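In order, the protein sequence lines correspond to chains A and B. According to my numbering, the stretch in the first sequence is residues 1 to 116, in order. According to my numbering, the stretch in the second sequence is residues 1001 to 1113, in order. We put the CB at the ideal spot given by N, CA and C, even for glycine. All figures in this text were calculated on a predicted structure; none of them were measured in a lab.
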Amino acid sequence: GAVVSQHPSRVICKSGTSVKIECRSLDFQATTMFWYRQFPKQSLMLMATSNEGSKATYEQGVEKDKFLINHASLTLSTLTVTSAHPEDSSFYICSARDRALRLEQYFGPGTRLTVT
Amino acid sequence: GESVGLHLPTLSVQEGDNSIINCAYSNSASDYFIWYKQESGKGPQFIIDIRSNMDKRQGQRVTVLLNKTVKHLSLQIAATQPGDSAVYFCAEGGSSNTGKLIFGQGTTLQVKP
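See below:
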């Protein structure tokens, strides 16, 4: 149980284009999902908190117009990187919190984004 | 600001030995702490967690110790195996109910056969 998937696992896009990453909780309902970014040999940095049915809350320094987050259902959140640039190349990881369990949080396998 | 840090960036141990990975946190109001294992190119994998009303919790081959007095967290892995080689992160679940986690910088565990 408690499986979180991400799609795609890897994506290469050209500078200036947009790319969408999906995060799904497969066997539980997630009222809250989180999006992280991880650069090589660094820790996970929280980008935003996504709550089902409401606007995402972004961490300081994260551009909300560049990283669009939509949490349309209790099992799906999407992150769209708009007008991507090479510096957006990173490993993007989502996590989901089971609405039935207050603290437990489950992570997806990550999406490797490369912007050329 | 809030931060969670690890003392050592890399830990190298012999297969079969016990490993101890340490972590310091700064928010004394934090009430939930988690250890994650991350293998290359993968997402973090939950290992064990502990709440602030406890000072020790054991799992299968792993033990987490929490010392609130000095704001220190440790992960002990018994009989370390090659499959334990990975980066280990401690994370702090803050005192609010937002569910946000603050991750430490990570310790690379290398297990020598």
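Identity of the residues DSSP links to A/S50 by a beta bridge: A/M33
CB contact below 9 Å: A/R24 versus chain B: no
Proximity test, Cβ basis, 9 Å: B/G1059 and chain A: no
Spatial neighbours of A/N51 in its chain, beta-carbon cut-off 7 Å, leaving aside the 5 residues before and after: T31, T32, H71
For B/N1018, three-class secondary structure by DSSP: coil
Distance, A/L79 Cα to A/D65 Cα: 11 Å
Residue environment, A/S90, which counts as buried when at least 16 other CB atoms sit within 10 Å: Classification of A/S90: buried, given that the 10 Å Cβ count is 16 or more.
Local conformation of B/G1043 per DSSP, three classes: coil
Secondary structure of B/Q1105, DSSP reduced to three states: Reduced to three states, the DSSP call for B/Q1105 is coil.
Proximity below 9 Å, CB of B/V1087 to CB of B/S1012: Between B/V1087 and B/S1012, the gap from beta carbon to beta carbon reaches 9 Å or more.
Helix, strand or coil at B/G1093 according to DSSP, with G and I counted as helix: strand
is_contact[A/S18, chain B] using C-beta, thresh 9 Å: So no, A/S18 is outside the interface.
is_contact[B/Q1110, chain A] using C-beta, thresh 9 Å: Chain A, which has no Cβ nearer than 9 Å to the Cβ of B/Q1110, makes this no.
Identity of the residue in A/C13, A/S73, A/F28 nearest A/Y106 by Cα: Nearest of A/C13, A/S73, A/F28 to A/Y106, Cα basis: A/F28.
Partner residues on chain B for A/S43, Cβ-Cβ distance less than 7 Å: F1089, F1103, G1104, Q1105, G1106
Span of the beta strand (DSSP E) around A/H7: 4–7
Within-9 Å CB hit, B/Q1045 to chain A: It does; some Cβ of chain A falls within 9 Å.
Chain B contact residues for A/I93, given Cβ-Cβ distances below 8 Å: G1043, P1044
Inter-residue Cα distance where the pair is A/Y92 and A/V81: 10 Å
Distance, A/C13 Cα to B/R1061 Cα: 43 Å
Bounding residues of the beta strand (DSSP E) (the contiguous stretch that carries B/V1064): 1062–1067
Neighbouring residues, chain B, relative to A/G61 (Cβ below 9 Å): Those within 9 Å of A/G61 in chain B number zero; the least Cβ separation is about 12 Å.
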